[in-house]
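Numbering-wise, the sequence shown is residues 0 to 384 according to numbering that gives the first Met the number 0.
Built from N, CA and C at the ideal position, the CB exists for glycine as well.
So the structure is just underneath, and the comments pick up after that.
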Amino acid sequence: MSDAKPADKFVPPKELKMFPNDRQLCIARFSPCGNFLAAGAMEGTVRRWSVVEKPKPAVEVELPDEPKKKPAPKNAKTPPESPVELVALPHLTGFNGWVQNIAFHPKDKILFVADTWGRLTATAYEGDAPKPRWENVTAHDGWIRRLAISSDGQHLATCGRDQFVRVWTTAGKLVAEHRHTDDVFAVAFAPEGKLVAFGDEKGRVKTWDFGTKQAGREFDASALYKLSRLQDVCGLRTLTFIEGGKSLLVGGCEPAGGGFLEGAPMLVKFDTTTGKKQTEWKFGAAKDGFVLDVAWHPGGYLILVTSGQPGSGKIMFLRPGEKEPFFTHTNVANVHSVTLHPDGKRFAVAAMNKASNGNGRPKTADGSYPGNTSPVHLFELGGNG
0 MSDAKPADKF VPPKELKMFP NDRQLCIARF SPCGNFLAAG AMEGTVRRWS
50 VVEKPKPAVE VELPDEPKKK PAPKNAKTPP ESPVELVALP HLTGFNGWVQ
100 NIAFHPKDKI LFVADTWGRL TATAYEGDAP KPRWENVTAH DGWIRRLAIS
150 SDGQHLATCG RDQFVRVWTT AGKLVAEHRH TDDVFAVAFA PEGKLVAFGD
200 EKGRVKTWDF GTKQAGREFD ASALYKLSRL QDVCGLRTLT FIEGGKSLLV
250 GGCEPAGGGF LEGAPMLVKF DTTTGKKQTE WKFGAAKDGF VLDVAWHPGG
300 YLILVTSGQP GSGKIMFLRP GEKEPFFTHT NVANVHSVTL HPDGKRFAVA
350 AMNKASNGNG RPKTADGSYP GNTSPVHLFE LGGNG
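The following block contains the structure:
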């Protein structure tokens, strides 16, 4: 199931429960209050759950006059109940294509949603029928590949297939835009909120001061790009500032070739002051695919998730100063997203159903072709001394 490399007092995370779903999910995020989980789905909806803590069971006390209960058979196995439940709420609708990006406002009860048709929406997320606050149906000309929100909740950043990076107020007003030379696959705010970093299909990563509209530092992540015959193969998928903005992580894969894209999951760490590469990690072989999401734990380590072929996926814990993950969990398929609960004690991943369908083969006796689904796996973190 998993393996852990030596770490004092380290207790591997425990899977509390797997919550089935009827569609594939692109991304999942906990709300800042920790009471909600939202996920963008591939059929143009946002799935929502209430995060419900179960009351602790009362301690049974046997009275002297009561007959004693018969003990359970020695071979009886009762799975432990999860102390947390995800209670499904009505979906949010009105989006197109895939909902690949969502972000919660850090203070206000607003969820920002970006879809693959170029729509950007701000919506309430509490209650049975929350209403949109505003929407821009042409925020980008087509696919919005990434959405980010500044830590102060003042600005949004988006990037897309149209080669634009745009910064908006969280009220929906366009603040600045940058026209790049290639498709842009990832964007992230620096912690102070004045700079954004963006990465393109050729592994070029740049910072941009959207207030002065001046370009900043450049980072060479071209290891996440390959020219395969006439095909530009992009392996870059995610950008993450860590260590108070002193370092920038670029995640994705080292492409092995075009066509049916395979590549080894890769993560590269840069010094944001000098632009120099500090560390480069590869996690497995070409079949293991992409690093698709990264969560920073306040305990000083990263939670990474990967998705590869056929049906391979990993959850890894990595300290930035070490060469290898100190924990790897492989009993999960095609992990698309990871989100850390605000209390730092639990995390959830959106993955793929086991024995997922592919290659057009029928999976039922009547020849029908059921689609894949994305269960949500909820984990509890142990000690990481």
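Cβ neighbours of residue i in the same chain (closer than 7 Å, five flanking residues each side left out)
i: L260; result: V232 and P254
i: N34; result: S49 and V50
i: G171; result: A121, W133 and N135
i: G274; result: R216, E217 and F218
i: A175; result: V166, F209 and K212
i: T137; result: G117
Nearest-angstrom beta carbon gap, residue j and residue i [assumed within contact, 8 Å]
i: Y224; j: G234; result: 6 Å
i: V164; j: F197; result: 5 Å
i: H104; j: T169; result: 6 Å
i: H335; j: A354; result: H335 to A354, Cβ: 17 Å. No contact.
i: H179; j: D199; result: 6 Å
Neighbourhood of residue i by C-beta, 8 Å cutoff - its chain only, sequence neighbours within 5 removed
i: P129; result: L91, T122 and A123
i: K245; result: D270, T271 and T272
i: K201; result: D181, S221, Y224, D231 and C233
i: Q277; result: S246, K268, F269 and D270
Element boundaries [beta strand (DSSP E), containing residue i]
i: A185; result: V183 to F188
i: Q277; result: K276 to K281
i: L260; result: No beta strand (DSSP E) holds L260; DSSP gives it neither H nor E.
i: F395; result: No statement about residue 395 is possible, as the shown extent of the chain runs from 0 to 384 and does not include it.
i: H154; result: H154 to G159
i: W167; result: F163 to T168
i: H328; result: F326 to H328
i: D140; result: Taken as a continuous stretch (DSSP letters only), D140 belongs to no beta strand (DSSP E), as it is neither H nor E.
i: D365; result: Where D365 is concerned, there is no enclosing beta strand (DSSP E), given that its DSSP letter is neither H nor E.
i: V174; result: L173 to R178
i: S49; result: V45 to E52
i: N100; result: V98 to F103
i: G39; result: F35 to A40
Residues bridged to residue i (per DSSP)
i: T237; result: G250
i: R203; result: D219
i: P131; result: T122
i: Y300; result: H296
i: M351; result: A332
i: L377; result: K16 and A347
i: F197; result: V186 and K205
i: D231; result: L226
Same chain, Cβ closer than 6 Å to residue i, five either side skipped, listed in chain order
i: T272; result: none
i: L377; result: L15, K16 and A347
i: F282; result: P264
i: S30; result: F103
i: G159; result: H139, W142, I143 and R144
i: D2; result: Below a pLDDT of 50, predicted positions are generally treated as unreliable, and D2, at 49, falls in that range; no measurement from the model is reported.
i: A294; result: I302, V337 and L339
i: G307; result: K286, D287 and G288
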